[in-house]
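S.K.: Residue 187 in UniProt numbering sits at position 187 of the sequence shown, with consecutive numbering throughout.
A virtual CB, placed ideally from N, CA and C, is assigned to each residue, including glycine.
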Amino acid sequence: MSSFYEKIENDPVGRTSMGSATGRAVESKRCDALFQDPFADIYAGQFGPQGIEILARMKNTTIESITNDTAVRTRYIDDLLEQASSTNRQCVILACGGDFRPFRLSLINSSQTFEFYLLDVSGVLIYRQKCFEQLDPRSFATNHKVTEIACNLADEEWSSKLVEHGFNTDQPTIWLAEGFFHYLTEEDIRKLFERIRQLSASDSCIVFDVASTQLRNFVPMIHFALDDEQEIHRIFNGFGCESVECTPFQKIGAMYGRTVSRDRSFIVKAKLSRH
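(1) Could you pull the DSSP bridge partners for residue 47 from this structure?
(2) Would you check if there are 3 or more beta carbon pairs closer than 8 Å linking the region 152-163 to the region 123-132?
(3) Using a Cβ-Cβ cut-off of 8 Å (strictly less than) and excluding sequence neighbours within five positions of residue 152, which residues of its own chain qualify?
(4) Identify whether residue 184 lies in helix, strand or coil by the three-state DSSP scheme.
(5) Are three or more beta carbon pairs between the region 86-95 and the region 48-63 nearer than 8 Å?
(6) Under the three-state reduction of DSSP, which class applies to residue 241: helix, strand or coil?
(7) Does DSSP put residue 266 in a helix, in a strand, or in coil?
(8) Quick check on this structure: which residue in 274, 28, 37 and 66 has the alpha carbon closest to the alpha carbon of residue 171?
(9) Let me confirm a value: residue 220 is counted as buried when at least 16 other C-beta atoms fall within 10 Å, else exposed. Which label applies?
(10) What would DSSP say about residue 58, mapped onto helix, strand or coil?
(11) Does DSSP classify residue 100 as helix, strand or coil?
(12) My assumption, with CB atoms under 8 Å, is that residue 230 sits in contact with residue 264. Please give the rounded CB distance.
(13) Confirm the yes/no value for this check: CB of residue 226, any heavy atom of the ligand GDP, distance under 7 Å.
(14) Closer than 6 Å by C-beta to residue 180: which residues in its own chain qualify, once you throw out the five before and the five after it? Chain order, please.
(15) By the DSSP assignment, the alpha helix (DSSP H) with residue 34 in it spans what residues?
(16) Three-state secondary structure (DSSP) at residue 53?
(17) Ignore the nearest five residues each way along the sequence and tell me which others in residue 18's own chain have a CB closer than 8 Å to its CB.
(18) Please return the same chain residues whose Cβ sits closer than 6 Å to the Cβ of residue 1, not counting the five positions on each side in sequence.
(19) For residue 246, which of 208, 224 and 223 has the nearest alpha-carbon?
(20) Where DSSP assigns a beta bridge to residue 271, which residues make up the other side?
(21) Check the C-beta distance from residue 190 over to residue 71 and give it rounded, since I have them as a contact under 8 Å.
(22) Within 10 Å of its beta-carbon, does residue 210 have 16 or more other beta-carbons around it, so buried, or fewer, so exposed?
(23) Please list, in chain order, all residues of the same chain as residue 55 whose beta carbon is under 8 Å from its beta carbon, the five residues on each side excluded.
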């Protein structure tokens, strides 16, 4: 798997997904774990733990608080997805990286077959398949329909590929963009929302996180960062979002009994207006 590992490791954004996977792997081993992710340890590879250690030193904080950031973000979004699955039957995960939610969440609120569409560049999807090959097939059996689509989200073609693979534009959709918008410019995000809204039926929603400017100071590849909740409302209302809800990481950490390192980072849930 070394060639695939190197392909992702040489990509800065790919390296951060390995760091996030390390956070989920660490959490999964706790006796009071917020979730179980049996895929995380394999996806993290060798770089993931190293990346966490480097970031902790740069921020002058503990490795535990860094991994807690990922743990509470993961659990909070898990809970949001569980809630939304009662009225939505399909979910699109943008830049899925090491996100294995389709294989570890039962979504008991969903009375019908739930469909996941996972989008990322081909190198990441190949690496994911190599991770699966190291696992017992029974560990990733799922009742959900899962479709992985190789595409570049910077190109307009991704939306047509999504439809070609069975995405239903008449069904309400949950869009997930966990740990993704940080690495885009504001203009990139605006264009992405134009596509998302064109594809979204009524009652669709989106969940994403927003990094703080403090985090951007430590992670040079972060382009988009905000500290002000009102600014988040202003920008994303302008992108076609409605009923924008911002929840600070510190509050989420307290909800789940974890000490986190992030100061003004947020997880955002919003409804999508029709284009």
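M.R.: The structure says:
(1) Taking the first residue of the sequence shown as position 1, residue 47 is located at position 47. Note: residue 47 sits in no beta bridge, so no partner.
(2) Verdict: no, contact absent.
(3) In the sequence shown, residue 152 corresponds to position 152, counting from 1. Correct list, in chain order: 121 and 158.
(4) As a working mapping, residue 184 is identified with position 184 in the sequence shown. When DSSP states are grouped into helix, strand and coil, residue 184 belongs to the coil group.
(5) No: the two stretches stay apart, fewer than three of their Cβ pairs being nearer than 8 Å.
(6) As a working note, residue 241 is residue 241 in the sequence shown. Strand, per DSSP.
(7) Within the sequence shown, numbered from 1, the residue matching residue 266 stands at position 266. Reduced to three states, the DSSP call for residue 266 is strand.
(8) Position 171 of the sequence shown holds residue 171. Nearest option by C-alpha distance: 274.
(9) The count along the sequence shown starts at 1 and reaches residue 220 at position 220. In this structure residue 220 is exposed. Its beta-carbon is surrounded by fewer than 16 other beta-carbon atoms within 10 angstroms.
(10) Reading the sequence shown from its first residue, position 58 is the one you call residue 58. In the structure shown, the three-state DSSP call for residue 58 is helix.
(11) Within the sequence shown, residue 100 is the residue found at index 100, counting from 1. Residue 100 falls in the coil class under three-state DSSP.
(12) Within the sequence shown, the letter at position 230 stands for residue 230. Within the sequence shown, the letter at position 264 stands for residue 264. 12 Å between Cβ atoms; not a contact.
(13) Absence of the ligand GDP from the depicted structure is noted, as is the absence of any ligand whatsoever, leaving it without description.
(14) As a first step, residue 180 must be located in the sequence shown, where it is residue number 180. Hits under 6 Å: 94 and 95.
(15) Your numbering for residue 34 matches position 34 in the sequence shown. DSSP places residue 34 outside any alpha helix (DSSP H), giving it a letter other than H or E.
(16) Taking the first residue of the sequence shown as position 1, residue 53 is located at position 53. When DSSP states are grouped into helix, strand and coil, residue 53 belongs to the helix group.
(17) Here residue 18 corresponds to residue number 18 of the sequence shown, with the count starting at 1. Listed in chain order, the non-local C-beta contacts of residue 18 below 8 Å within the same chain comprise 8, 9, 43, 44, 45, 47, 48, 51 and 98, local neighbours out to five positions each way being set aside.
(18) Numbered from 1 along the sequence shown, position 1 holds the residue referred to as residue 1. Residue confidence is low: residue 1 scores 40 on pLDDT, short of 50, so the model does not pin down where it sits. Its coordinate-derived value is still stated next. Closer than 6 Å at the Cβ level, and outside the excluded window around residue 1, lie 130.
(19) For the purposes of this step, residue 246 is identified with residue 246 of the sequence shown, where counting begins at 1. When each option's Cα is compared against that of residue 246, the closest is 208.
(20) Position 271 of the sequence shown, counted from the first residue, corresponds to residue 271. Answer by DSSP bridge pairing, in chain order: 205 and 242.
(21) Position 190 of the sequence shown, counting from 1, holds the residue named residue 190. Position 71 of the sequence shown, counting from 1, holds the residue named residue 71. Rounded to whole angstroms, the Cβ separation of residue 190 and residue 71 is 31 Å, and the two are not in contact under 8 Å.
(22) Residue mapping note: residue 210 aligns to position 210 of the sequence shown, counting from 1. Its Cβ being crowded by 16 or more others within 10 Å, residue 210 is buried.
(23) Translated into positions along the sequence shown, residue 55 becomes position 55. Cβ within range, chain order: 19, 66, 218 and 219.
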